[in-house]
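Novice: Residues are numbered in our numbering as their position in the sequence shown, beginning at 1, plus a constant of 114.
The beta carbon of each residue, even a glycine, is placed where N, CA and C say it ideally should be.
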Amino acid sequence: MQTPRPVPHDPAADLVVYSAAFKPFCQALLAGFSKAYPGVNLQFVDGVSTDLHTHYWGLHQRGEGLPDVIWSSAMDLQMDLVRLGHARPHRSAATQALPHWARYQDLAFCTTLEPLVALRHNQYLGPSDAISTLQQIADLMAQRPGVLRQRMACLDIEANGMGFLAMLVARAQDPGFARFIDLAAGMGLQGHGANPPLVQALVSERAVLAFPVLGAFAARAVAAHPALSVCTSPAARLGVSRVALIPKDAPHPDLAACFVDFLLSPQGQDDMRQDGLFPWQDQGHSDGLPSLVVQPLPIDDGFGPWLDPQARAALRQEWARLLLA
């Protein structure tokens, strides 16, 4: 393994990373980076993607100190920053080794690839219940309304950027989206701002079905709770990535470049594998999940529809009908 290049370190300077991957789930990665760069003081600020994005905009508008790296699974929020000119170019052997779907103009880089899945509580839903697409969930609502009424949990798209993107893609690509909206509006839907409370709703049996759940959280959930399982079917799962970018006005761009390159290095990818974060090299597969067909969402020139203001406003209008008061 090639050791990342050393960098001069100003003791007064910290490398600040905004991360939508929570710190407790990044221990091997953070330890690996500290070992590779023992002189760098890393401030790892974790939180929900939408909150981090909002905080970045507040800092930018006030002219206050910005983070050096933003690392988030809210791919659309990341790509919107790129579109608006907020990303600093970075080109290295590590970024150039990425496949074309995983990098955009030396400005944004996919570091992971993990499927979005549905989780079920086995006491209420079983293997015979086909659940992976919104069309299948709509069919199940029609067939078993008594089981699902007010006991379906989803990511709140207003609070969670990755959840918003997942539903935006489903609105465009899932033929059952409109029927799902119509049926779910009368069933009641629990909204949660992040994956941990989404999983906890199942554990507590307040919900019997949860979606969309990031593969990393789903794998941890089924390992810790035998009553839960990942819903399987032949349908392809949307594969989302934790996208890294360096803000244009990052205070320490050289250190930021080292962090991005470490994420993409063999060591960084292995550390993320240990943390259960689905490195992109594994193509969306993990020993913790059943075999699934994973279709990556590329960050290429075709990403534009996911940033379209009219489509995003329409989704918000439709989704407002669903959540429980």
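#1: Of all the alpha helix (DSSP H) runs that stay within the bounds of the segment 152-201, which reach a length of 4 or more residues?
#2: Comparing the C-beta of Leu282 with each C-beta of chain C, is any distance below 8 Å?
#3: Please tell me whether Gly275 and Leu352 are closer than 8 Å, where the distance is taken between their beta carbons.
#4: Check each candidate in Arg176, Asp363, Ala315 and Leu297 and name the one with the smallest Cα separation from Gln304.
#5: Buried or exposed: where does Pro241 fall if 16 or more other Cβ atoms within 10 Å of its Cβ makes it buried?
#6: Measuring straight from C-alpha to C-alpha, what distance separates Phe147 and Pro138?
#7: Using 8 Å for Cβ pairs, my map puts Asp414 next to Tyr218. What's the rounded Cβ distance?
#8: Beta strand (DSSP E) containing Val130: first to last residue?
#9: Along the chain, which unbroken stretches of the alpha helix (DSSP H) at least 4 residues long are found entirely within the segment 355-421?
#10: With a CB to CB cut of under 7 Å and the five nearest residues on each side skipped, what residues in its chain are close to Gly307?
#11: To which residues of the same chain is Thr247 closer than 6 Å at the C-beta, ignoring the five residues directly before and after it?
#12: Please name the residue in Pro229, Asp194, Pro181 and Ala142 whose C-alpha comes closest to that of Gly402.
#13: Please determine if the segment 278-296 and the segment 245-262 are in contact, where contact requires at least 3 C-beta pairs separated by less than 8 Å.
#14: How is Ala349 classed by DSSP in three states: helix, strand or coil?
#15: Rounded to whole angstroms, what's the CA-CA distance from Ala216 to Gly260? Just pull it up for me.
#16: Whose C-alpha, out of Leu312, Pro361 and Gln257, is nearest the C-alpha of Arg202?
#17: Under three-state DSSP, which class holds Gly302?
#18: Curious, which full-length beta strand (DSSP E) runs of at least 3 residues does the segment 203-286 contain?
#19: Could you check if Asp422 is buried or exposed, using at least 16 other CB atoms within 10 Å of its CB as the buried criterion?
#20: Does the distance from the C-beta atom of Ser186 to that of Arg356 stay below 8 Å?
#21: With H, G and I counted as helix, E and B as strand and the rest as coil, what does DSSP make of Ala428?
#22: Using only CA atoms, which one of Met281, Ser133, Ala135 and Pro181 lies nearest to Ala425?
#23: Could you say which of Ala330, Phe331 and Gln264 lies nearest to Ala299 if we only look at CA atoms?
#24: Measuring CB to CB, does Arg345 end up less than 8 Å from Leu173?
#25: Please look up how many angstroms separate the CB atoms of Ala324 and Ala267, rounded, as I've assumed it's under 8 Å.
#26: Does the distance from the C-beta atom of Leu180 to that of Pro380 stay below 8 Å?
#27: Kindly indicate the opening and closing residues of the beta strand (DSSP E) around Asp324.
#28: Which two residues bound the contiguous beta strand (DSSP E) that contains Gln436?
#29: Kindly indicate the opening and closing residues of the alpha helix (DSSP H) around Ser318.
#30: Pull up the DSSP beta-bridge partners for Ser148, would you.
#31: Please name the residue or residues paired with Val344 in a DSSP beta bridge.
#32: If contacts are defined as beta-carbon pairs under 8 Å, then Ala374 and Leu227 qualify, I think. What distance do you get, rounded to the angstrom?
#33: Do Ala441 and Ala211 have their CB atoms nearer than 8 Å?
Specialist: Checking against the coordinates, here is how it stands:
#1: Entirely contained in the segment 152-201, the alpha helix (DSSP H) runs reaching 4 residues are, in chain order, 163-176 and 189-197.
#2: Going by chain labels, chain C is absent from the structure shown, which holds only one protein chain.
#3: Here residue 275 is taken as the residue at index 161 of the sequence shown, counted from 1. Here residue 352 is taken as the residue at index 238 of the sequence shown, counted from 1. No; because the gap between Cβ atoms is not below 8 Å, this pair is not in contact.
#4: Here residue 304 corresponds to residue number 190 of the sequence shown, with the count starting at 1. Per the Cα distances, Ala315.
#5: As a first step, residue 241 must be located in the sequence shown, where it is residue number 127. Exposed.
#6: Translated into positions along the sequence shown, residue 147 becomes position 33. Translated into positions along the sequence shown, residue 138 becomes position 24. Whole-angstrom Cα-Cα distance: 15 Å.
#7: Sequence index remark: in the sequence shown, residue 414 carries index 300 (1-based). Sequence index remark: in the sequence shown, residue 218 carries index 104 (1-based). That pair is a contact at about 6 Å.
#8: Translated into positions along the sequence shown, residue 130 becomes position 16. Segment Leu129 to Ser133, the beta strand (DSSP E) holding Val130.
#9: 367-378 and 380-389
#10: On the sequence shown, position 193 is the one that residue 307 refers to. Excluding sequence neighbours, Gly307 sits near Val162, Asp270, Ala273 and Asn274.
#11: Along the sequence shown, read from residue 1 onward, the residue named residue 247 stands at position 133. Answer for Thr247: Asp288 and Ala349, listed in chain order.
#12: On the sequence shown, residue 402 is found 288 positions in, with the first residue counted as 1. When only C-alpha atoms are compared, the closest one is Pro229.
#13: yes
#14: Locating residue 349 in the sequence shown gives position 235, where the first residue counts as 1. Note: Ala349 maps to coil in three-state DSSP.
#15: For the purposes of this step, residue 216 is identified with residue 102 of the sequence shown, where counting begins at 1. For the purposes of this step, residue 260 is identified with residue 146 of the sequence shown, where counting begins at 1. If you take the alpha carbons of Ala216 and Gly260, they lie about 42 Å apart.
#16: Counted from its first residue, the sequence shown places residue 202 at position 88. Taking only the C-alpha atoms, the option nearest Arg202 is Pro361.
#17: Here residue 302 refers to the residue found at position 188 of the sequence shown. Three-state DSSP puts Gly302 in coil, outside helix and strand.
#18: List check, beta strand (DSSP E) in window: 222-224, 228-235 and 266-269.
#19: Counting from 1 along the sequence shown, the entry for residue 422 is found at position 308. Looking at its Cβ environment, which holds fewer than 16 other Cβ atoms inside 10 Å, Asp422 is exposed.
#20: In the sequence shown, counting from the first residue as 1, residue 186 sits at position 72. In the sequence shown, counting from the first residue as 1, residue 356 sits at position 242. For Ser186 and Arg356, yes; Cβs fall inside 8 Å.
#21: Along the sequence shown, read from residue 1 onward, the residue named residue 428 stands at position 314. Of the three classes helix, strand and coil, the one that applies to Ala428 here is helix, per DSSP.
#22: As a first step, residue 425 must be located in the sequence shown, where it is residue number 311. Among Met281, Ser133, Ala135 and Pro181, the Cα nearest to that of Ala425 belongs to Met281.
#23: The sequence position of residue 299 within the sequence shown is 185, counting from 1. Answer by Cα proximity: Gln264.
#24: For the purposes of this step, residue 345 is taken as the residue at position 231 of the sequence shown. For the purposes of this step, residue 173 is taken as the residue at position 59 of the sequence shown. The sequence given here places Cys at residue 345; Arg does not occur at that position. Not a contact, by the Cβ cut-off of 8 Å.
#25: Taking the sequence shown and counting its residues from 1, one reaches residue 324 at position 210. Taking the sequence shown and counting its residues from 1, one reaches residue 267 at position 153. The Cβ separation is near 4 Å, so the contact holds.
#26: By 1-based counting over the sequence shown, the position of residue 180 is 66. By 1-based counting over the sequence shown, the position of residue 380 is 266. Going by C-beta atoms, Leu180 is not nearer than 8 Å to Pro380.
#27: Residue numbering aside, residue 324 sits at position 210 when the sequence shown is read from its first letter. With the sequence shown as reference, residue 324 is identified as Ala, and Asp is not the correct amino acid for it. Its beta strand (DSSP E) spans residues Leu323 to Leu328.
#28: Numbered from 1 along the sequence shown, position 322 holds the residue referred to as residue 436. The identity of residue 436 in the sequence shown is Leu, whereas the question assumes Gln. Where Leu436 is concerned, there is no enclosing beta strand (DSSP E), given that its DSSP letter is neither H nor E.
#29: The residue labelled residue 318 in the question sits at position 204 within the sequence shown. From DSSP, Ser318 is part of no alpha helix (DSSP H); its letter is neither H nor E.
#30: The count along the sequence shown starts at 1 and reaches residue 148 at position 34. Answer is none; Ser148 lacks a bridge partner.
#31: Locating residue 344 in the sequence shown gives position 230, counting from the first residue. In the DSSP output, where bridge partners are listed per residue, Val344 has Leu233.
#32: Stepping through the sequence shown from its first residue, residue 374 is reached at position 260. Stepping through the sequence shown from its first residue, residue 227 is reached at position 113. In the sequence as displayed, the identity of residue 374 is Val instead of Ala. Actually they do not touch by this definition, with Cβ atoms about 16 Å apart.
#33: The structure shown has nothing for residue 441, since the chain only spans 115 to 439.
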